[in-house]
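Asks:
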Amino acid sequence: MLIYWANDEYKITLFGHTYVRFFPDWYYNLLHIPQRLAEGMAFHFLFMWFFTLNGIFYVLYTIISGEWRELVPKRNSFKEAWLVVLHDLHIRKMAPPQNKYNAAQRIAYTAIIVMGIGSVITGLAIYKPVQFYYLTWLCGGYHFARIIHFALTLGYVFFFLIHVVQVVLAGWNNFRSVVSGFEVITEKTTATVAQSTEDEKAR
Amino acid sequence: MKKPDKHIERPAKSKKELTVDQKINRRNFISFAVFGVLGVSAYEGWRWLYKSPAEVAGITGGTRKPLRRALNKTELFFRRFFSNNHLVKTYPKSMAAKNVRHNSDIGSDSNFNTDEWRLNVVKHTGESLFFSIQQLMELPKTEIVFSFKCVEGWDQIQYWGGVKFADFIEHFGLQSETSLAYVGMETPDKGYYVGLDMPSAMHPQTILAYELNARPLPFNHGQPLRLIIPVKYGIKNLKRIGTIIFSNSRPRDYWAEQGYDYYSGL
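Residue numbers (my numbering), protein chains in the order written: chain L, 230 to 432; chain H, 8 to 273.
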């Protein structure tokens, strides 16, 4: 396996056969980014700050507000998540009972934080392999750090796609609750604020 | 004149209690307004960055102004972690590549007579010194087997030999030059040039190399003398050194002029 950074040489080769080339020509042409390594790196080294700080603030917020309790997987989450997946795929009729987030969400939203930490560590290991040699060592060396860093990036793409599809499937009221922080449940004819998740849970 | 009292007694507010629906609507409105404003500003922020003007071409060039600022600020942050005690990982000689990758000819592809070559060192006083390859080879030899890293992503374990830059400085009494902030190197044809911060240049693994795999440098690897600076990406490892200068401002740098980070340190 050989993962490169520029000039179409990102690829996965096993036993002499190239299975995937990162990225194919059509991908560069679609995004209009052939031969723009310097530009890409400049953006990368600006947005690394943005994403890292954003992640730190988000994690601090979940800790201070106590929201982490809704986000961290529980003991039975891993079992339940499977049932959620089956439900979402319309294989199983009933979804397990949930609080603010279901088991699959808890795992996904915690995993993305772990992935973020992984990206920062592997990123530093690649970026300054001499000054942060211990991080490079921790990541299993320069090459392995690159592979993890890249794999995590692919992971974000999949997370994003599944996330958006799920939001669309969950419908308008769910999306509205994501933005406003409370869910509206209509009981018979009267609409009530059933779960003021943000306000009540935090107190 | 007395100012009118600010605390005018207002008639007791007889606002009606909001209905649940009104509360929901009000909170939705506020939430979506904030959401919309944040969304638009994120988009506008990106547009601003993407459309921001190119920096004025000088020592650095080829990228957007804000991105260059970010690169320079990032350099300042990460330079704090630089230390001569942080050494590049080395490998046994048996692991060194036999076919050493050759990535670029810029500055080292012109007609060139090795026999007439002299290393020209220009002190900051303007005084010019010339050294032959024999003079350099008489100094203690330093060898290094390390993974040469290219900014494009590839790396290769290579075995180089030469004189440590710090030894060269010391032996020829150039210590006073090291109080300057930068070292600049150029090829004899001036086609390729790099600027190096002094700490990186004086790092114990930075060498003026005259050997590759225990043989004199091949022509395409910068015969007779090139720079091997393992604390930098390959773009700083100039082939065929013609001139070395010292300066307190950044010397010109081939790839920094084309949008790359000036520091490019590892």
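For each residue, glycine too, the CB sits at the ideal point set by N, CA and C.
Report the neighbours of Val-349 of chain L on chain H: residues whose CB is nearer than 8 Å to its CB, in chain order.
Replies: Residue 349 of chain L sits at position 120 when you count from the first residue of the first sequence. Neighbours of Val-349 of chain L on chain H: none; closest Cβ ~14 Å, over 8 Å.
Asks: Hey, how far is the Cα of Gly-400 of chain L from the Cα of Phe-379 of chain L?
Replies: Start at 1 with the first residue of the first sequence, and residue 400 of chain L comes out as number 171. Start at 1 with the first residue of the first sequence, and residue 379 of chain L comes out as number 150. Between Gly-400 of chain L and Phe-379 of chain L, the C-alpha separation is close to 32 Å.
Asks: Alpha carbon to alpha carbon, what distance is there between Leu-146 of chain H and Thr-382 of chain L?
Replies: For the purposes of this step, residue 382 of chain L is identified with residue 153 of the first sequence, where counting begins at 1. For the purposes of this step, residue 146 of chain H is identified with residue 139 of the second sequence, where counting begins at 1. The straight-line gap from Cα to Cα measures roughly 48 Å.
Asks: Could you check if Val-27 of chain H is buried or exposed, using at least 16 other CB atoms within 10 Å of its CB as the buried criterion?
Replies: Here residue 27 of chain H refers to the residue found at position 20 when the second sequence is read from its first residue. Flag for Val-27 of chain H reads exposed.
Asks: Smallest Cα separation from Gly-198 of chain H: which of H:Gly-133, H:Lys-130, H:Arg-247, H:Glu-218?
Replies: The residue labelled residue 198 of chain H in the question sits at position 191 within the second sequence. That would be H:Arg-247, whose Cα lies nearest to the Cα of Gly-198 of chain H.
Asks: Given that Phe-274 of chain L touches chain H, what residues does it touch there, using C-beta distances under 9 Å?
Replies: Here residue 274 of chain L refers to the residue found at position 45 when the first sequence is read from its first residue. When 9 Å is used as the limit between beta carbons, Phe-274 of chain L is near these residues of chain H: Leu-74, Ala-77, Leu-78, Thr-81, Asp-268, in chain order.
Asks: For the alpha helix (DSSP H) that Lys-239 of chain H lies in, which residues bound it at each end?
Replies: For the purposes of this step, residue 239 of chain H is taken as residue 232 along the second sequence, with counting starting at 1. Unbroken run through Lys-239 of chain H: none, as it is neither H nor E.
Asks: May I have a chain-ordered list of the alpha helix (DSSP H) segments no shorter than 4 residues that lie completely inside the segment 281-329 of chain L?
Replies: 297-300, 306-317
Asks: What are the residues in the segment 91-113 of chain H lying within 9 Å of chain L by C-beta distance?
Replies: His-93, Leu-94, Val-95, Lys-96
Asks: Less than 8 Å separating the beta-carbons of Lys-96 of chain H and Ser-154 of chain H?
Replies: By one-based count along the second sequence, residue 96 of chain H stands at place 89. By one-based count along the second sequence, residue 154 of chain H stands at place 147. Closer than 8 Å, so yes.
Asks: Quick check on Phe-88 of chain H - is its C-beta less than 8 Å from some C-beta in chain L?
Replies: The sequence position of residue 88 of chain H within the second sequence is 81, counting from 1. Chain L places a beta carbon closer than 8 Å to that of Phe-88 of chain H, counting this residue as a contact.
Asks: Is it buried or exposed, Asp-122 of chain H, if we count other Cβ atoms within 10 angstroms and call 16 or more buried?
Replies: Taking the second sequence and counting its residues from 1, the one referred to as residue 122 of chain H is at position 115. That one is exposed.
Asks: Below 8 Å CB to CB, which residues in the same chain sit around Gln-265 of chain H once its five sequence neighbours on both sides are set aside?
Replies: As a position in the second sequence, residue 265 of chain H is number 258, starting the count at 1. Gly-68, Gly-69.
Asks: Does Gly-400 of chain L have its Cβ less than 8 Å from a Cβ in chain H?
Replies: Along the first sequence, read from residue 1 onward, the residue named residue 400 of chain L stands at position 171. Taking Cβ atoms only, chain H never reaches closer than 8 Å to Gly-400 of chain L, which makes this a no.
Asks: Helix, strand or coil: which one does DSSP assign to Val-158 of chain H?
Replies: Working through the second sequence from its first residue, we reach residue 158 of chain H at position 151. Coil, per DSSP.
Asks: What does a CB cutoff of less than 8 Å around Ile-371 of chain L pick up in its chain, not counting 5 residues either side in sequence?
Replies: By one-based count along the first sequence, residue 371 of chain L stands at place 142. Checking the displayed sequence, the identity of residue 371 of chain L turns out to be Tyr instead of Ile. So the list reads Ala-354, Ile-355, Pro-358, Thr-365, once near-sequence residues are dropped.
Asks: Smallest Cα separation from Leu-391 of chain L: which of L:Gln-334, L:Met-344, L:Leu-275?
Replies: In the first sequence, the residue the question calls residue 391 of chain L occupies position 162. The sequence shown places Ile at residue 391 of chain L, rather than the Leu named in the question. Ile-391 of chain L has its Cα closest to that of L:Gln-334, out of L:Gln-334, L:Met-344, L:Leu-275.
Asks: List, in chain order, every chain L residue whose beta-carbon is nearer than 8 Å to that of Gly-69 of chain H.
Replies: The count along the second sequence starts at 1 and reaches residue 69 of chain H at position 62. Ordered by position in chain L, the residues that pass the 8 Å Cβ test against Gly-69 of chain H are Ala-267.
Asks: According to the Cβ coordinates, are Met-209 of chain H and Ala-173 of chain H closer than 8 Å?
Replies: As a first step, residue 209 of chain H is located in the second sequence; it is residue number 202 there, counting from the start. As a first step, residue 173 of chain H is located in the second sequence; it is residue number 166 there, counting from the start. Yes, they are a contact pair.
Asks: Decide yes or no for the touch test of the segment 122-137 of chain H against the segment 78-91 of chain H: beta carbon pairs closer than 8 Å, at least 3 of them.
Replies: The segment 122-137 of chain H, when compared against the segment 78-91 of chain H, does not touch it at the 8 Å Cβ threshold.
Asks: Closer than 8 Å, CB to CB, is Ser-154 of chain H near chain L or not?
Replies: In the second sequence, residue 154 of chain H corresponds to position 147, counting from 1. Chain L, which has a Cβ nearer than 8 Å to the Cβ of Ser-154 of chain H, makes this yes.
Asks: Using a C-beta to C-beta distance shorter than 7 Å, which residues of chain H count as neighbours of Val-413 of chain L?
Replies: The residue given as residue 413 of chain L occupies position 184 in the first sequence. Those are Ile-31, listed as they occur along chain H.
Asks: Below 8 Å on the Cβ atoms is my contact criterion, and I expect Thr-281 of chain L with Val-349 of chain L to pass it. Report the Cβ-Cβ distance as a whole number of Å.
Replies: The residue given as residue 281 of chain L occupies position 52 in the first sequence. The residue given as residue 349 of chain L occupies position 120 in the first sequence. Under the criterion of beta carbons closer than 8 Å, Thr-281 of chain L and Val-349 of chain L qualify as touching, at roughly 6 Å.
Asks: Which bits of chain L does Asp-260 of chain H rub up against, with CB to CB less than 9 Å?
Replies: Numbered from 1 along the second sequence, position 253 holds the residue referred to as residue 260 of chain H. The premise fails here: Asp-260 of chain H is roughly 12 Å from chain L at the closest Cβ pair, so nothing lies under 9 Å.
Asks: Where do the ends of the alpha helix (DSSP H) carrying Val-107 of chain H lie?
Replies: The residue you call residue 107 of chain H lines up with position 100 of the second sequence. Note, Val-107 of chain H: premise wrong, no alpha helix (DSSP H); not H, not E.
Asks: Just reading off the alpha helix (DSSP H) that Leu-45 of chain H is part of, what are its end residues?
Replies: In the second sequence, counting from the first residue as 1, residue 45 of chain H sits at position 38. 27-58 is the span of the alpha helix (DSSP H), which, as asked, contains Leu-45 of chain H.
Asks: Which residues in chain H sit within 8 Å of Lys-357 of chain L, going by Cβ to Cβ distance?
Replies: The residue you call residue 357 of chain L lines up with position 128 of the first sequence. Those are Phe-85, Phe-88, Gly-272, Leu-273, listed as they occur along chain H.
Asks: When the Cα of Ser-186 of chain H is compared with those of H:Ala-221, H:Asn-255, H:Val-170, which residue comes out closest?
Replies: Residue numbering aside, residue 186 of chain H sits at position 179 when the second sequence is read from its first letter. Considering only alpha carbons, the answer is H:Asn-255.
Asks: Please look up how many angstroms separate the CB atoms of Gly-202 of chain H and Tyr-189 of chain H, rounded, as I've assumed it's under 8 Å.
Replies: Mapped onto the second sequence, residue 202 of chain H falls at position 195. Mapped onto the second sequence, residue 189 of chain H falls at position 182. Gly-202 of chain H to Tyr-189 of chain H, Cβ: 6 Å. Contact.
Asks: Going along the chain, which unbroken runs of the beta strand (DSSP E) with 3 or more residues stay wholly within the segment 156-197 of chain H?
Replies: 162-171, 189-193
Asks: Kindly say whether Arg-233 of chain H, judged by its beta-carbon, lies nearer than 8 Å to any beta-carbon of chain L.
Replies: Here residue 233 of chain H refers to the residue found at position 226 when the second sequence is read from its first residue. No, because no Cβ of chain L sits closer than 8 Å to the Cβ of Arg-233 of chain H.
Asks: Tell me whether Ser-207 of chain H is buried or exposed, calling it buried when 16 or more other Cβ atoms sit within 10 Å of its Cβ.
Replies: Your numbering for residue 207 of chain H matches position 200 in the second sequence. Counting Cβ neighbours within 10 Å, Ser-207 of chain H comes out buried, since at least 16 surround it.
Asks: Can you pull the chain L residues whose beta carbon is under 9 Å from the beta carbon of Phe-39 of chain H, in chain order?
Replies: In the second sequence, counting from the first residue as 1, residue 39 of chain H sits at position 32. Arg-405, Val-408, Ser-409, listed in chain order.
Asks: Please identify the residue among H:Leu-74, H:Arg-108, H:Glu-150 whose C-alpha is closest to the C-alpha of Lys-100 of chain H.
Replies: For the purposes of this step, residue 100 of chain H is taken as residue 93 along the second sequence, with counting starting at 1. When each option's Cα is compared against that of Lys-100 of chain H, the closest is H:Glu-150.
Asks: How many angstroms separate the CA atom of Leu-94 of chain H from the CA atom of Pro-302 of chain L?
Replies: Counting from one through the second sequence, the residue named residue 94 of chain H turns up at place 87. Counting from one through the first sequence, the residue named residue 302 of chain L turns up at place 73. Answer to the nearest angstrom: the Cα atoms are 41 Å apart.
Asks: Which residues, in order along the segment 238-251 of chain H, keep a beta-carbon less than 9 Å from a beta-carbon of chain L?
Replies: Val-238
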